[in-house]
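**Q** Residue numbering for the sequence shown follows my numbering, starting at -14 and increasing by one per position.
Have a look at the structure that comes next, please.
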Amino acid sequence: MREPQRFPLGTRVANPVEGRTGEIKAFDPDTGLYTLVYNDDHRDVLNASQTQQLVIRKSPEEEAKEAEERRKEKESDPNQYLGATVTKSSTSYEGKTLTSSGQVTQYFADIKRFRVLFSDGLYSDMTIDEVKQNLMLNDKKSDSERKRSGGHDAAESLSSKKKKKHHHHDEEKERPLNTQKFDSRKTAYTICREVLRIILSQKKVAKNCTEKQKVILNNKDLQVWLHREEAYDLLAC
């Protein structure tokens, strides 16, 4: 079984007995042996345990510095943004704001641009800074939406409790006599006239006709199409 490489090439080593310092130059995966080359060109071929005894331990400052360098290298690697989702906003002829999303599909190293293909079939070439800024804005929007969603859910829960508490009161309320919007004033006029005729023709509700007619005539929806004077003319028919 092959032993995995434990020490990367370039790791600093020192032999205090012989007074030599150097680094790991090679690793043989078949034998698991490391080749150490010192400053005086002396070479040692050692196994992992022997090499570990000669490895120079890094200080916390050096480890932190290397970690920071690795982080910067990773951030500067353009390939990490491939597949990322970005958005763009545009304004329509009607003045509406349109938002479409797209994905980073390619990186052109010669011009240092990302090719972003959007859902509307269009594409755009963006710099790494533009992609970063777009992703940051999307993250902020997502956080804001989550916060609003949390508050909205709490409000809905409270509203639901209030609705359940006052459900029996709601059932007692009458529905509006007319909540339908008609396509034209003429249509509304005709329907209103027919309704009034039916009401007036019912003898059983003759005592209540006057009040019902007043409610209909005072309905704001009907007043949009029907003037009060015209309605009273209908009642006189």
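Ideal Cβ placement from N, Cα and C applies to all residues, glycine included.
Here the structure is a predicted model, which means the values were calculated and not measured.
With burial defined as no fewer than 16 other Cβ atoms inside 10 Å of the residue's Cβ, what is the status of Asn24: buried or exposed?
**A** It counts as exposed.
**Q** Ile96: which of Arg56, Tyr78, Pro63, Glu47 sits nearest, CA to CA?
**A** When each option's Cα is compared against that of Ile96, the closest is Pro63.
**Q** Out of Ser109, Thr76, Glu(-12), Ser75, which one is the CA nearest neighbour of Gln88?
**A** Residue Ser109 is the option with its Cα nearest to Gln88.
**Q** Any idea if Phe224 is buried or exposed, counting beta-carbon neighbours within 10 angstroms, 16 or more meaning buried?
**A** It is not possible to answer for residue 224, since the shown part of the chain is limited to -14 through 222.
**Q** Under 8 Å: do the segment 70 to 77 and the segment 21 to 40 share three or more Cβ pairs, one atom per stretch?
**A** Too few Cβ pairs lie closer than 8 Å, so no.
**Q** Could you check what DSSP says for Lys43 in three-state terms: helix, strand or coil?
**A** In the structure shown, Lys43 sits in coil (DSSP, three-state: anything other than H, G, I, E or B).
**Q** Along the beta strand (DSSP E) that carries Glu8, what are the first and last residues, could you check?
**A** It spans 5 to 13 - the beta strand (DSSP E) in which Glu8 sits, taken as one unbroken run.
**Q** When the Cα atoms are used, what is the spatial distance from Val40 to Arg133?
**A** Their backbone Cα atoms lie some 54 Å apart in a straight line.
**Q** With three or more C-beta pairs closer than 8 Å as the rule, is the segment 112 to 123 touching the segment 64 to 73?
**A** Taking 8 Å as the limit for Cβ pairs, the verdict is that the segment 112 to 123 does touch the segment 64 to 73.
**Q** Please list the terminal residues of the continuous beta strand (DSSP E) segment that includes Tyr108.
**A** 108 to 111 is the span of the beta strand (DSSP E), which, as asked, contains Tyr108.
**Q** With H, G and I counted as helix, E and B as strand and the rest as coil, what does DSSP make of Arg(-13)?
**A** Three-state result, Arg(-13): coil.
**Q** Comparing alpha-carbon positions, which option in Gln118, Arg42, Glu(-12) lies nearest Pro14?
**A** Pro14 has its Cα closest to that of Glu(-12), out of Gln118, Arg42, Glu(-12).
**Q** With DSSP collapsed to three states, give me the class of Val(-2).
**A** Looking at Val(-2) - three-state DSSP - the assignment turns out to be strand.
**Q** Give the DSSP-derived three-state secondary structure of Lys81 in the structure shown.
**A** Reduced to three states, the DSSP call for Lys81 is coil.
**Q** Going straight from the alpha carbon of Ala33 to that of Arg100, what length do you get?
**A** Using only the alpha carbons, I get a separation of about 46 Å.
**Q** Quick one: Cα of Phe103 to Cα of Asn119, how far?
**A** Phe103 and Asn119: Cα-Cα distance of roughly 14 Å.
**Q** Could you have a look at Leu122 and say whether DSSP puts it in helix, strand or coil?
**A** Leu122: helix per DSSP, three-state reduction.
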